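Heads up: the structure comes next, in structure tokens.
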Amino acid sequence: MLEEVIETKLHTEFEPEYLKVINESYMHNVAPGSESHFKVIIVSEKFEGVRLIGRHRLVNQVLADELANHIHALSIHTYTSSEWKEQNGLAPDSPMCLGGSK
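This is the structure in structure tokens:
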């Protein structure tokens, strides 16, 4: 499963305090059972002193093959331990897909 590949790669690279990989494909206009839209919530010491864009680049580098070949959309939420505590251990909800309409 792609979800497991993502989780393994992120665990290996970032040694996170917290990691959640969520397949959000069901929220989009895709075939049942698809693995194309994901949300990643990751808390790691490796994000200390790194700006948000830099954190996203790091995650994108680790998942470069999956992004190029399998993932259509990736929502990334990166936190340091203190930021995660400030968020009370919560990341924003993803919006439902409008299916190309507005």
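In this text, residue positions in the sequence shown follow full-length UniProt numbering: the first is 1, and each later residue adds one.
Backbone N, C-alpha and C fix where the C-beta goes; we use that ideal spot for every residue, glycine too.
Computed from a predicted structure; not experimentally measured.
Between E4 and Q87, what straight-line distance do the alpha-carbon atoms span, to the nearest angstrom?
Using only the alpha carbons, I get a separation of about 26 angstroms.
Residue of G49, S82, M1 and N60 minimising C-alpha distance to I76
For I76, the closest of G49, S82, M1 and N60 by C-alpha to C-alpha distance is N60.
Rounded to whole angstroms, what is the Cα-Cα separation between Y79 and A68?
Answer to the nearest angstrom: the Cα atoms are 25 angstroms apart.
Scan the region 3-28 and note each continuous beta strand (DSSP E) run of 3 residues or more that stays entirely inside, going in chain order.
Segments of the beta strand (DSSP E) lying fully in the region 3-28: 18-23.
If you follow the beta strand (DSSP E) that S75 is part of, which residue opens it and which one closes it?
For S75, the uninterrupted beta strand (DSSP E) segment begins and ends at A73 to Y79.
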